[in-house]
Amino acid sequence: MQGTIMPPPAFHVMAKPTGARCNLRCDYCFFLEKSRLYPGGTFRMSDEVMESYIRQTIAAHKVPHVTIAWQGGEPTLMGLDFFERAVAVERECAPPGCVVENTLQTNGVLLDEHWCRFLAEHRFLVGLSLDGPRPMHDAFRHDMQGRSVFDRVVRAARLMQKHGVEFNILCTVNAVNSRQPLELYRFFRDELKTPYLQFIPIVELQEHAGPRQDALVTARSVRPKQYGRFLSAIFDEWVRRDVGRMFVQFFDGALAAWLRGRASLCVLQPECGQGVALEHTGDLYSCDHFVEPEHLLGNILETPLAELVGSERQRAFGRHKASSLPRFCRECAWLFTCHGECPKNRIARTPDGEPGLNYLCPGLQAFFRHVDRPMRIMAGLLRQGRDAGGVMTILAAEEAAAQGEKTGRNAPCPCGSGRKYKACCLGKEDHVWPRTSRTSSSSGVTTSALRT
Numbered sequence: 085m086q087g088t089i090m091p092p093p094a095f096h097v098m099a100k101p102t103g104a105r106c107n108l109r110c111d112y113c114f115f116l117e118k119s120r121l122y123p124g125g126t127f128r129m130s131d132e133v134m135e136s137y138i139r140q141t142i143a144a145h146k147v148p149h150v151t152i153a154w155q156g157g158e159p160t161l162m163g164l165d166f167f168e169r170a171v172a173v174e175r176e177c178a179p180p181g182c183v184v185e186n187t188l189q190t191n192g193v194l195l196d197e198h199w200c201r202f203l204a205e206h207r208f209l210v211g212l213s214l215d216g217p218r219p220m221h222d223a224f225r226h227d228m229q230g231r232s233v234f235d236r237v238v239r240a241a242r243l244m245q246k247h248g249v250e251f252n253i254l255c256t257v258n259a260v261n262s263r264q265p266l267e268l269y270r271f272f273r274d275e276l277k278t279p280y281l282q283f284i285p286i287v288e289l290q291e292h293a294g295p296r297q298d299a300l301v302t303a304r305s306v307r308p309k310q311y312g313r314f315l316s317a318i319f320d321e322w323v324r325r326d327v328g329r330m331f332v333q334f335f336d337g338a339l340a341a342w343l344r345g346r347a348s349l350c351v352l353q354p355e356c357g358q359g360v361a362l363e364h365t366g367d368l369y370s371c372d373h374f375v376e377p378e379h380l381l382g383n384i385l386e387t388p389l390a391e392l393v394g395s396e397r398q399r400a401f402g403r404h405k406a407s408s409l410p411r412f413c414r415e416c417a418w419l420f421t422c423h424g425e426c427p428k429n430r431i432a433r434t435p436d437g438e439p440g441l442n443y444l445c446p447g448l449q450a451f452f453r454h455v456d457r458p459m460r461i462m463a464g465l466l467r468q469g470r471d472a473g474g475v476m477t478i479l480a481a482e483e484a485a486a487q488g489e490k491t492g493r494n495a496p497c498p499c500g501s502g503r504k505y506k507a508c509c510l511g512k513e514d515h516v517w518p519r520t521s522r523t524s525s526s527s528g529v530t531t532s533a534l535r536t
């Protein structure tokens, strides 16, 4: 293999045991077309590739916790026996003190009692794809005959709750559900009662794009300003009543930046390249969104996984995220949290015509501007060793004061300390709520226990 081999950084492998094969035909799916890379293929991972993936991943991580990730296509099409064999391999090759955690991303259609008992027994973390209430979910997600799968997906969620399977919701944000953010959020919170949410914006490039910005993407893609309004509306409800009870991955990732930490969410990191994609054949690609011949790193049956991930070629791929930023981004006030978002979405031009601007930029800027003060409050609370949920008390007190209400002497102090107002901030000149500088150091703490 050409290029300088460096020790592998921390990395995450998204294994696709069925390749692009799926039992649904979602309109916006970007991965179905990847089947063209393997004409005539079986689209079933062999036990040889599966064992090599597991053994090499565990060997390459010198840490006590290792994640084995299964994605697709639809990984449950492999059948339960494949995953039973995988768990057996993990038990066999994990060294003493090493905890192996499996994650499974699924559309949920095939999950039944047997699956859920297995997932619970082996403590799988499941990502369940669901785009909101029935009309929103059915807008673009359906089976091969165009029929709704909403009831089967909700049934899967109920079964996982019954068996104690930990799962989070993977919800795309598209042209339909982005118009009703609170209905969508409350459906997950109040009806489905799922506390962990991941939002994935749909930015789907048109084959024949016109000169206007909107002409770059398909009609089902979310529009930039609408995406900003969607995130802001949900954030406003979350930050006033749900901090510590609902966990939104994008909010937690952004908060890490206000703490001057490193977001676990790759799109908000300065560089990428730490999340590679493994096809059913053993071929390893630079990223799930760049499964193309020019980004093929090699095959793990021929070259060790650690060498492929640590290669100069892959490291250059990761550095390109920062080095290719246009000046407009480099001079932006929100660079510290955005970092240009995902490179796959950099299809627009800056106001002065420079290419490489993220299509979602106007919405992202509006969102970061909107949440700046609540984020600074939460960051301040966390630096003081206090619960970020104190922001809810602070904002409620400020809004009450704005309406002419006063805090009673024996009421909880609006600063969120947990003490009575008279024993805390009453009568003190310096009792402003926590305000922090963006240049402060960070502990890297976030509000969420969400694992991805």
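Under the numbering used here, the first residue of the sequence shown is numbered 85, with each subsequent residue one higher.
All C-beta atoms, glycine included, are put in the ideal place defined by N, C-alpha and C.
Note that the coordinates shown come from a computational prediction; the quantities given were computed from them, not determined experimentally.
Pick out whichever of the options has its Cα sitting closest to the Cα of residue i.
i: Q264; options: H221, L419, R344; result: H221
i: I478; options: S370, P439, V327; result: V327
i: V301; options: N258, D235, Y122; result: N258
i: S136; options: C177, F127, R109; result: C177
i: M129; options: A172, E438, T102; result: T102
i: Q140; options: I384, M459, A170; result: I384
i: P148; options: P123, S119, A94, L121; result: A94
i: E344; options: A495, E117, L466; result: Per the sequence presented here, residue 344 reads as Arg, with Glu not at that position. Of the listed residues, the one whose Cα sits closest to R344 is L466.
i: F69; options: E321, N252, R453, H404; result: Any question about residue 69 goes unanswered here, given that the chain covers just 85 to 536.
i: E132; options: C350, V173, E415, Q310; result: V173
i: F167; options: L392, F208, R273; result: F208
i: W342; options: R218, W418, V233; result: W418
Using the C-alpha atoms, what's the distance from residue j back to residue i?
i: G359; j: M98; result: 7 Å
i: H515; j: A484; result: Low local confidence applies: a pLDDT of 36 at H515 is under 50, so the model's placement there is unreliable, and no value is given.
i: C200; j: R307; result: 37 Å
i: C445; j: A104; result: 30 Å
i: W154; j: D227; result: 21 Å
i: H96; j: M134; result: 15 Å
i: F115; j: G216; result: 21 Å
i: S407; j: L448; result: 20 Å
i: Y443; j: R175; result: 44 Å
i: L108; j: L161; result: 11 Å
i: D111; j: L268; result: 20 Å
i: A486; j: A480; result: 10 Å
i: S395; j: R225; result: 38 Å
i: L121; j: P159; result: 18 Å
i: I286; j: P427; result: 14 Å
i: G230; j: R169; result: 34 Å
i: V150; j: P179; result: 11 Å
i: R470; j: H364; result: 46 Å
i: V332; j: Q310; result: 18 Å
i: A223; j: I461; result: 38 Å
i: R399; j: R346; result: 18 Å
Given a cut-off of 8 Å, decide if residue j and residue i are closer than it, judged by their beta-carbon atoms.
i: I138; j: C182; result: no
i: K40; j: G163; result: Beyond the ends of the chain as shown, which are 85 and 536, falls residue 40; an answer cannot be given.
i: R304; j: E291; result: no
i: L195; j: A240; result: yes
i: F451; j: G312; result: yes
i: I29; j: L254; result: For residue 29 there is no data in the structure shown, the boundaries of the chain being 85 and 536.
i: L214; j: V184; result: no
i: F335; j: S262; result: no
i: V475; j: F319; result: no
i: M459; j: L352; result: no
i: N186; j: I152; result: yes
i: V375; j: A390; result: no
i: G437; j: R430; result: no
i: H206; j: V171; result: yes
i: N252; j: L276; result: no
i: E321; j: L266; result: yes
i: M330; j: P279; result: yes
Please name the residue or residues paired with residue i in a DSSP beta bridge.
i: P285; result: V257
i: E185; result: T151
i: H145; result: According to DSSP, H145 bridges with nothing at all.
i: E250; result: L209
i: Y280; result: F331
i: D326; result: None; D326 has no bridge partner.
i: K506; result: Paired residue(s): none; K506 is not in a bridge.
i: L380; result: Y369
i: R307; result: Note: R307 sits in no beta bridge, so no partner.
i: R433; result: P439
i: T160; result: None; T160 has no bridge partner.
i: P180; result: DSSP output for P180 lists no bridge partner at all.
i: T190; result: L212
My guess is that residue i and residue j are in contact by the Cβ rule of under 8 Å, so how many angstroms apart are they, rounded?
i: V249; j: V210; result: 6 Å
i: I381; j: R397; result: Position check: residue 381 holds Leu in this sequence, whereas Ile was assumed. Indeed, because the Cβ distance is near 7 Å, the residues count as touching under 8 Å.
i: S348; j: G366; result: Their Cβ separation, rounded to whole angstroms, is 27 Å, which puts S348 and G366 out of contact at 8 Å.
i: G357; j: G402; result: 2 Å
i: T434; j: P410; result: 5 Å
i: P496; j: K506; result: About 11 Å separates the two Cβ atoms, so there is no contact after all.
i: A204; j: H247; result: 4 Å
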